[in-house]
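K.L.:
Protein chains: 2
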Amino acid sequence: MGETGDTGNSRTRPTIYDVAKAAGVAPSTVSRAFSRPGRVNAETADRIRRVAHELGYRMNPIARGLPDGRTALLAIIVADLTNPFFFEIIRSAEKTAIDSGYTLLVVDAHESGEAERLALERTLPLVEGVVLATSRLSDSAIRAVAKQRPTVVMNRVVTDVASVITDNARGMRRAVEHLAGLGHTRMTYLAGPEASWADGMRWRAFREASQELGLKARRLGPFAPTLAGGLSAAQALTAHTATATVAYNDLLAIGAMRGLTRLGVEIPRELSVVGFDNIFGSDFCTPPLTTVAAPLRHFGTFAVQRLLNQLRNPSPALSVPALLPAKLVERGSTARRA
Amino acid sequence: MGETGDTGNSRTRPTIYDVAKAAGVAPSTVSRAFSRPGRVNAETADRIRRVAHELGYRMNPIARGLPDGRTALLAIIVADLTNPFFFEIIRSAEKTAIDSGYTLLVVDAHESGEAERLALERTLPLVEGVVLATSRLSDSAIRAVAKQRPTVVMNRVVTDVASVITDNARGMRRAVEHLAGLGHTRMTYLAGPEASWADGMRWRAFREASQELGLKARRLGPFAPTLAGGLSAAQALTAHTATATVAYNDLLAIGAMRGLTRLGVEIPRELSVVGFDNIFGSDFCTPPLTTVAAPLRHFGTFAVQRLLNQLRNPSPALSVPALLPAKLVERGSTARRA
DNA sequence: CCGACGGGGGCAAATGGTTGCCGCCGACCG
DNA sequence: CGGTCGGCGGCAACCATTTGCCCCCGTCGG
Chain L
9 MGETGDTGNS RTRPTIYDVA KAAGVAPSTV SRAFSRPGRV NAETADRIRR VAHELGYRMN
69 PIARGLPDGR TALLAIIVAD LTNPFFFEII RSAEKTAIDS GYTLLVVDAH ESGEAERLAL
129 ERTLPLVEGV VLATSRLSDS AIRAVAKQRP TVVMNRVVTD VASVITDNAR GMRRAVEHLA
189 GLGHTRMTYL AGPEASWADG MRWRAFREAS QELGLKARRL GPFAPTLAGG LSAAQALTAH
249 TATATVAYND LLAIGAMRGL TRLGVEIPRE LSVVGFDNIF GSDFCTPPLT TVAAPLRHFG
309 TFAVQRLLNQ LRNPSPALSV PALLPAKLVE RGSTARRA
Chain R
9 MGETGDTGNS RTRPTIYDVA KAAGVAPSTV SRAFSRPGRV NAETADRIRR VAHELGYRMN
69 PIARGLPDGR TALLAIIVAD LTNPFFFEII RSAEKTAIDS GYTLLVVDAH ESGEAERLAL
129 ERTLPLVEGV VLATSRLSDS AIRAVAKQRP TVVMNRVVTD VASVITDNAR GMRRAVEHLA
189 GLGHTRMTYL AGPEASWADG MRWRAFREAS QELGLKARRL GPFAPTLAGG LSAAQALTAH
249 TATATVAYND LLAIGAMRGL TRLGVEIPRE LSVVGFDNIF GSDFCTPPLT TVAAPLRHFG
309 TFAVQRLLNQ LRNPSPALSV PALLPAKLVE RGSTARRA
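Respectively, the protein sequence lines represent chains L and R.
The opening position of the first sequence corresponds to residue 9 in the numbering used here, with each subsequent residue numbered one higher.
The opening position of the second sequence corresponds to residue 9 in the numbering used here, with each subsequent residue numbered one higher.
(1) For Lys224/R, list the residues DSSP reports as bridge partners.
(2) Relative to the alpha-carbon of Leu260/R, which residue among Leu134/R, Ala244/R and Thr251/R has its alpha-carbon at the smallest distance?
(3) Using a C-beta to C-beta distance shorter than 8 Å, which residues of chain R count as neighbours of Gly73/L?
(4) With the cut-off set at 9 Å, would you say Val166/R and Arg144/R are in Cβ contact?
(5) Whole angstroms are fine: how far does the CA of Val139/R sit from the CA of Asp168/L?
(6) State the CB to CB distance for the pair Asn163/L and Thr142/L, rounded to an integer number of angstroms; the pair is presumed to be in contact (CB under 8 Å).
(7) On the DSSP letters alone, give me the boundaries of the alpha helix (DSSP H) that Ile98/L sits inside.
(8) Nearest-angstrom Cα distance between Ala50/R and Glu122/R?
(9) Give the residues of chain L in contact with Asp116/R, contact being defined as C-beta atoms less than 8 Å apart.
(10) So for Asp285/L, helix, strand or coil by DSSP?
(11) Show which residues of chain R have a CB atom less than 7 Å away from the CB atom of Arg130/L.
(12) For Thr90/L and chain R, any beta-carbon pair shorter than 9 Å?
(13) Identify, in the order they occur along the chain, each residue of the same chain with its Cβ nearer than 7 Å to the Cβ of Thr193/L, setting aside the five sequence neighbours on each side.
(14) Taking one C-beta from the segment 265 to 279 of chain R and one from the segment 214 to 221 of chain R each time, how about it: are there three or more such pairs within less than 8 Å?
(15) Checking contacts by CB at 9 Å: is Arg66/R closer than that to chain L?
(16) With 9 Å set as the bound, which would you pick, yes or no: does the beta-carbon of Val139/L sit closer than that to a beta-carbon of chain R?
(17) Only counting the same chain, and skipping five residues up and downstream in sequence, which positions put a Cβ closer than 6 Å to that of Ala60/L?
(18) Note the first and the last residue of the continuous alpha helix (DSSP H) segment covering Val153/R.
(19) Are at least three pairs of beta-carbons, each pair with one atom in the segment 123 to 137 of chain L and one in the segment 82 to 98 of chain L, less than 8 Å apart?
(20) I need the DSSP call for Ser240/R, collapsed to helix, strand or coil.
(21) Which class does Val273/R belong to by DSSP, given the choice of helix, strand or coil?
(22) Quick one: measure Cβ to Cβ for Gly229/R and Leu198/R, integer angstroms, because I've assumed they're closer than 8 Å.
(23) Rounded C-beta distance between Asp291/L and Arg212/L? I'm assuming under 8 Å.
(24) Can you give me, in chain order, the residues of the segment 285 to 304 of chain R that have a beta carbon less than 9 Å from any beta carbon in chain L?
(25) Going by DSSP, what residue range makes up the beta strand (DSSP E) through Leu332/R?
(26) Does the structure place the segment 29 to 41 of chain R close enough to the segment 328 to 344 of chain L that three or more beta carbon pairs sit under 8 Å?
(27) Looking at chain R, is there any beta carbon in it that lies within less than 9 Å of the beta carbon of Gly77/L?
(28) Within its chain, find whatever has a CB closer than 7 Å to the CB of Ser108/R; leave out the 5 residues flanking it on each side and keep chain order.
(29) In chain L, which residues lie less than 9 Å from Phe95/R when you measure between Cβ atoms?
(30) Is any beta-carbon of chain R found at less than 9 Å from that of Arg339/L?
(31) So with CB distances below 9 Å, who are the chain L contacts of Leu134/R?
(32) Under a Cβ-count criterion, where at least 16 other Cβ atoms within 10 Å of its own Cβ denotes burial, should Ala232/L be classed as buried or exposed?
(33) Give the interface partners of Arg266/R over in chain L, defined as CB-CB distance under 9 Å, in chain order.
(34) Have a look at Leu304/L, Thr23/L and Asn257/L and flag the residue whose alpha-carbon is nearest the alpha-carbon of Pro201/L.
(35) For Leu288/R, which residues of its own chain have a beta-carbon under 8 Å away from its beta-carbon, when the five flanking residues on both sides are left out?
(36) Of all the CB atoms in chain R, is at least one closer than 9 Å to the CB of Ile106/L?
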């Protein structure tokens with residue numbers, strides 16, 4: 009951006025050939041001066057770098073990628089860009105990628121398996137690896153992706169594919185224990201999308217924890233994991249006699265709270281609500297949401313790190329899912345049973 | 009993803025050479041069969057396409073882009089991925105791009121000019137064109153970008169660079185008229201980032217409209233265009249005697265409402281609040297926000313369309329900013345002066 | 001019957017890097 | 001003093017695709 013005076017010959021940028029000529033060496037030497045430190049004499053390398061800088065030379069990443077596919081590009085496919093769940097994940101993933109010299113492509117799949125397939129088809133050839141954040145694809149489709157490029161899935165376990173997940177079971181257990189401790193005995197789980205792996209895990213953990221503690225557990229749904237989905241859930245909830253509910257995620261929980269308030273249900277006096285994920289916003293909705301916190305920041309970082317590991321050594325050995333801890337954050341949406 | 013049976017030889021994908029050999033033609037003919045419709049005999053082309061499909065051939069976009077830079081990639085740089093203002097913009101931009109056979113890279117600049125510069129440096133060489141959504145860069149830096157790649161700026165006017173803006177002046181005028189109609193006479197403008205072009209426009213329009221209508225106008229700020237920024241603004245506002253305020257954007261307005269409520273100020277009874285942009289969420293905060301609506305969906309579509317136009321015919325002629333209409337949406341955060 | 005024309009296809013260069021291999025030359029060792 | 005070795009730089013092939021140019025051949029008009 010102009011520190012090295014705009015030379016005006018705007019359209020075609022200088023190549024290693026130009027640098028080579030100006031520095032009186034061969035193009036290959038220029039290439040090595042940049043990508044093979046030590047291989048070329050220090051003085052020569054210095055001179056080349058100086059000349060390159062004067063000419064405003066920047067490597068062409070496309071040409072770079074041709075021989076062996078090293079494009080320095082990674083991709084993260086998210087189910088829904090507008091879901092705050094992904095905010096911290098994307099940010100931390102982006103940072104980790106950049107710190108390692110990679111660029112992260114963020115792609116929105118609009119909560120649709122079809123869109124996700126299309127996006128992958130477009131993106132996969134370009135990138136060196138991909139993070140599937142809460143994918144709606146089938147296990148076999150994901151394995152097919154993993155066969156083409158190093159892949160990490162988030163919040164899901166797929167055989168033979170690296171993954172990063174939160175400890176759903178333990179987190180859910182904490183939530184149920186918390187509610188039981190407040191005297192609740194009849195509880196409802198608000199289910200998320202059927203294609204969601206995490207939803208299955210959470211519902212199962214919910215049922216098991218309830219059973220062990222001798223509580224009545226019911227399931228309602230599926231609902232879209234959005235505010236709108238929460239509004240429908242609110243309707244359905246009023247027909248239930250439960251005094252506490254745990255939602256698939258925070259967005260659903262917040263939407264439900266909003267709908268219930270509108271329907272005249274007082275939270276948490278008449279109904280306690282627990283969410284999942286501790287997304288941006290869950291602390292300043294009214295009432296502030298009690299939720300099972302996922303370490304979102306570490307999530308993105310971890311996923312990209314695993315990806316980078318796969319890139320560095322393509323041994324298919326490791327595939328134990330990275331399990332990140334979850335903890336309960338108690339806020340204002342839960343209270344002692346009336 | 010596997011309709012044409014996984015052939016197992018996973019790592020290296022077939023090239024036009026493989027297809028050419030299998031179809032008994034030259035590689036160049038294969039290339040033309042795909043990218044130069046009509047140039048090659050219909051039967052031959054059909055045969056080639058059939059063979060290519062059987063082999064599971066997909067063009068390598070990297071090699072495609074080498075000769076002339078046609079990567080079919082566009083980028084949109086947003087100031088803050090987590091700002092709902094961009095949600096609809098990104099979605100519609102993405103859709104428009106995909107419909108035209110392009111892939112849109114979404115890049116977050118974290119509200120920082122430095123991060124934006126870095127992101128551009130990384131991204132620019134890859135893409136055919138770029139949309140700068142509310143850039144924090146200087147005019148000359150933007151022009152430098154535009155010299156390298158077709159560029160469209162959003163919410164800002166830069167000489168010699170195509171742009172898409174909303175009618176800030178008219179929108180602000182509607183807002184002020186609305187408040188004046190409710191009997192307000194002393195009003196405060198909550199300013200956004202100093203580097204924001206739109207902020208300048210809005211404050212100016214605010215002042216002028218107030219003057220014409222004989223109202224007292226003051227300015228407070230700058231504040232970060234975020235919920236947090238709004239909280240600080242709330243503090244500052246309590247020192248003012250105004251009975252109505254217009255914020256730089258919705259996020260700031262919502263944050264301010266939240267802070268004021270916390271400070272015991274009743275909205276809209278004691279203070280009317282107007283936002284800008286009509287973002288996702290402004291309708292279901294409490295109270296629902298009266299705001300100047302920008303046609304967010306059209307924004308993204310329009311920007312990408314202008315970009316595509318520039319790509320199709322590189323004439324530097326057109327540079328009148330596309331002006332999208334703004335209208336006032338009246339909700340619960342404004343009321344007659346007490 | 002010959003020449004012009006044009007449709008359809010192939011050859012090869014070009015795009016901008018990377019990299020295996022080779023060769024030069026100076027230094028060091030025997 | 002000759003042989004060897006290693007540091008350093010150059011040559012050229014390679015990656016997958018596009019495209020300018022040419023050629024072959026069939027057709028049609030003169």
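Every residue gets a Cβ at the ideal spot worked out from N, C-alpha and C, and that includes glycine.
P.N.:
Straight from the coordinates:
(1) The residue you call residue 224/R lines up with position 216 of the second sequence. Answer by DSSP bridge pairing, in chain order: Arg194/R.
(2) Sequence index remark: in the second sequence, residue 260/R carries index 252 (1-based). When each option's Cα is compared against that of Leu260/R, the closest is Ala244/R.
(3) What you label residue 73/L is simply residue 65 of the first sequence in a count that begins at 1. Going along chain R in sequence order, the residues near Gly73/L (Cβ under 8 Å) are Ile70.
(4) What you label residue 166/R is simply residue 158 of the second sequence in a count that begins at 1. What you label residue 144/R is simply residue 136 of the second sequence in a count that begins at 1. No, the Cβ-Cβ distance between Val166/R and Arg144/R is not below 9 Å.
(5) Stepping through the first sequence from its first residue, residue 168/L is reached at position 160. Stepping through the second sequence from its first residue, residue 139/R is reached at position 131. Rounded to whole angstroms, the gap between the alpha carbons of Asp168/L and Val139/R is 39 Å.
(6) Here residue 163/L corresponds to residue number 155 of the first sequence, with the count starting at 1. Here residue 142/L corresponds to residue number 134 of the first sequence, with the count starting at 1. Correct: roughly 5 Å between the Cβ atoms.
(7) Counting from 1 along the first sequence, the entry for residue 98/L is found at position 90. Residues Phe93 to Asp107.
(8) Start at 1 with the first residue of the second sequence, and residue 50/R comes out as number 42. Start at 1 with the first residue of the second sequence, and residue 122/R comes out as number 114. Each residue's Cα considered, the two are about 53 Å apart.
(9) Position 108 of the second sequence holds residue 116/R. Ile98, Arg99, Glu102 and Val114, listed in chain order.
(10) For the purposes of this step, residue 285/L is taken as residue 277 along the first sequence, with counting starting at 1. In the structure shown, Asp285/L falls within a strand segment according to DSSP collapsed to helix, strand and coil.
(11) For the purposes of this step, residue 130/L is taken as the residue at position 122 of the first sequence. Within chain R, the residues near Arg130/L are Thr111.
(12) Indexing the first sequence from 1 puts residue 90/L at position 82. When Cβ-Cβ separations below 9 Å define contact, Thr90/L makes contact with chain R.
(13) For the purposes of this step, residue 193/L is taken as residue 185 along the first sequence, with counting starting at 1. If you ignore the 5 residues before and after Thr193/L, its C-beta comes within less than 7 Å of the C-beta of Leu223 and Lys224, all in its own chain and listed in chain order.
(14) The segment 265 to 279 of chain R is not in contact with the segment 214 to 221 of chain R.
(15) As a position in the second sequence, residue 66/R is number 58, starting the count at 1. Yes, contact with chain L.
(16) The residue given as residue 139/L occupies position 131 in the first sequence. With 9 Å as the cut-off, Val139/L does not count as an interface residue toward chain R.
(17) Translated into positions along the first sequence, residue 60/L becomes position 52. So the qualifying residues of the chain are Val27.
(18) Counted from its first residue, the second sequence places residue 153/R at position 145. Secondary structure note for Val153/R: its alpha helix (DSSP H) is the uninterrupted segment Asp147 to Gln156.
(19) Three or more beta-carbon pairs separated by less than 8 Å link the segment 123 to 137 of chain L to the segment 82 to 98 of chain L, which places the two stretches in contact.
(20) Indexing the second sequence from 1 puts residue 240/R at position 232. Here Ser240/R carries a helix assignment [DSSP, helix/strand/coil].
(21) The residue labelled residue 273/R in the question sits at position 265 within the second sequence. In the three-state scheme derived from DSSP, where H, G and I count as helix and E and B as strand, Val273/R is classed as coil.
(22) Taking the second sequence and counting its residues from 1, one reaches residue 229/R at position 221. Taking the second sequence and counting its residues from 1, one reaches residue 198/R at position 190. With 8 Å as the limit, Gly229/R and Leu198/R qualify as a contact, their Cβ atoms being about 6 Å apart.
(23) Locating residue 291/L in the first sequence gives position 283, counting from the first residue. Locating residue 212/L in the first sequence gives position 204, counting from the first residue. With 8 Å as the limit, Asp291/L and Arg212/L do not qualify as a contact, their Cβ atoms being about 28 Å apart.
(24) Of all residues in the segment 285 to 304 of chain R, Phe288, Gly289, Phe292 and Thr294 have a Cβ within less than 9 Å of some Cβ in chain L.
(25) Residue 332/R sits at position 324 when you count from the first residue of the second sequence. Counting along the chain, the beta strand (DSSP E) containing Leu332/R begins and ends at Ala330 to Leu332.
(26) Below 8 Å, too few C-beta pairs join the segment 328 to 344 of chain L and the segment 29 to 41 of chain R to call them touching: fewer than three.
(27) The residue given as residue 77/L occupies position 69 in the first sequence. Gly77/L counts as touching chain R.
(28) In the second sequence, counting from the first residue as 1, residue 108/R sits at position 100. The answer, listed in chain order, is Leu316.
(29) Taking the second sequence and counting its residues from 1, the one referred to as residue 95/R is at position 87. Per Cβ cutoff of 9 Å: Leu89 and Thr90.
(30) Locating residue 339/L in the first sequence gives position 331, counting from the first residue. Contacts with chain R at 9 Å (Cβ-Cβ) do not include Arg339/L.
(31) Looking up residue 134/R in the second sequence gives position 126. Residues of chain L passing the Cβ test: Pro69, Ile70, Thr79, Leu81, Thr111 and Leu134.
(32) Position 224 of the first sequence, counting from 1, holds the residue named residue 232/L. By the neighbour-count rule (16 or more Cβ atoms within 10 Å), Ala232/L is buried.
(33) Looking up residue 266/R in the second sequence gives position 258. The contacting residues are Phe292.
(34) Taking the first residue of the first sequence as 1, we reach residue 201/L at position 193. Proximity to Pro201/L across Leu304/L, Thr23/L and Asn257/L peaks at Asn257/L, based on C-alpha coordinates.
(35) Taking the second sequence and counting its residues from 1, the one referred to as residue 288/R is at position 280. What sits at residue 288/R in the sequence shown is Phe, not Leu. Pro92, Phe95 and Glu96, listed in sequence order.
(36) Translated into the one-based positions of the first sequence, residue 106/L becomes position 98. Output row for Ile106/L: interface = yes.
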